[in-house]
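In the working numbering, the protein residues as written are 58 to 229. Quick notes on the structure that follows.
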């Protein structure tokens with residue numbers, strides 16, 4: 058990281074890049090295909106996009122804001138796995154969820170860009186230990202990249218199905 062670039066700008070650049078990558082990997086995928094779980098314990102593409110929307114709205118930005126505004130305030134509970142099921146993402150349109158995620162991400166990027174010298178070392182007591190606002194900022198970026206990898210793996214699994222009987226062993 059360039060020490061002259063504020064953390065929120067560095068993070069916004071990364072989150073903007075992952076938004077572009079996620080968009081490129083999700084646009085054009087039909088709803089039926091997006092609902093496929095290639096393994097029972099893996100999310101479908103539409104569930105991943107729904108989860109990203111949830112995290113954008115209800116986790117990272119919201120919790121960073123709470124640390125800045127009132128570090129003693131309790132955080133609203135989150136239930137990422139439960140929300141995917143309760144909100145029936147597998148029955149939703151992947152393109153609709155992508156648009157909602159894109160809109161929410163743009164709000165996040167605007168919010169990050171508008172921050173004026175925030176204290177990234179401000180802390181919140183958490184069961185994992187003291188969490189700084191900057192820790193959550195980095196976790197947000199890392200979370201995006203982890204799900205970008207998950208989306209790429211979903212596409213590789215989908216290609217393996219479409220290109221049967223061929224094997225992808227040579228790729229790995």
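Note that beta-carbon positions come from the ideal geometry of N, C-alpha and C, so glycine has one too.
Whole-angstrom Cβ separation of residue 92 and residue 78, contact assumed at under 8 Å? Here the question's residue 92 lines up with position 35 in the chain shown. Here the question's residue 78 lines up with position 21 in the chain shown. Going by Cβ atoms, the distance from residue 92 to residue 78 rounds to 21 Å, so no, they are not a contact pair.
Straight-line gap, residue 96 to residue 76 (C-alpha atoms, nearest Å): Counting from 1 along the chain shown, the entry for residue 96 is found at position 39. Counting from 1 along the chain shown, the entry for residue 76 is found at position 19. Computed Cα separation, rounded: 25 Å.
Could you tell me whether the Cβ atoms of residue 68 and residue 188 are closer together than 9 Å? Your numbering for residue 68 matches position 11 in the chain shown. Your numbering for residue 188 matches position 131 in the chain shown. Against a cut-off of 9 Å, the Cβ pair of residue 188 and residue 68 comes out as no contact.
Going by DSSP, what residue range makes up the alpha helix (DSSP H) through residue 121? Residue 121 sits at position 64 when you count from the first residue of the chain shown. Residue 121 -> alpha helix (DSSP H) spans 117 to 126.
Candidates 99, 85, 121 and 175: closest to residue 206 by CA position: Residue 206 sits at position 149 when you count from the first residue of the chain shown. When each option's Cα is compared against that of residue 206, the closest is 99.
Is it true that the CB of residue 105 sits closer than 9 Å to the CB of residue 208? In the chain shown, residue 208 corresponds to position 151, counting from 1. In the chain shown, residue 105 corresponds to position 48, counting from 1. Residue 105 sits close to residue 208, with the two beta carbons spaced by under 9 Å.
Residue 190 vs residue 124 beta-carbon contact at 9 Å: Walking along the chain shown from the start, residue 190 turns up at place 133. Walking along the chain shown from the start, residue 124 turns up at place 67. One thing to note: residue 190 has its Cβ within 9 Å of the Cβ of residue 124.
Can you check which of these residues, 199, 127, 228 and 169, is closest to residue 62 by C-alpha distance? Locating residue 62 in the chain shown gives position 5, counting from the first residue. Of the candidates 199, 127, 228 and 169, the one whose C-alpha sits nearest the C-alpha of residue 62 is 169.
Please state whether DSSP places residue 180 in a helix, a strand or coil. Residue mapping note: residue 180 aligns to position 123 of the chain shown, counting from 1. In this structure, DSSP gives residue 180 an extended state, which the three-state scheme calls strand.
Environment of residue 158 [buried if 16+ CB atoms lie within 10 Å]: The residue you call residue 158 lines up with position 101 of the chain shown. Burial check for residue 158: the Cβ neighbour count within 10 Å reaches 16 or more, so the residue is buried.
Per DSSP, cross-strand counterpart(s) of residue 162: Along the chain shown, one-based indexing puts residue 162 at 105. DSSP lists no beta-bridge partner residue for residue 162.
Reducing DSSP to helix, strand and coil, say where residue 102 ends up. Counted from its first residue, the chain shown places residue 102 at position 45. Assignment of residue 102 by DSSP, reduced to helix, strand and coil, places it in the helix class.
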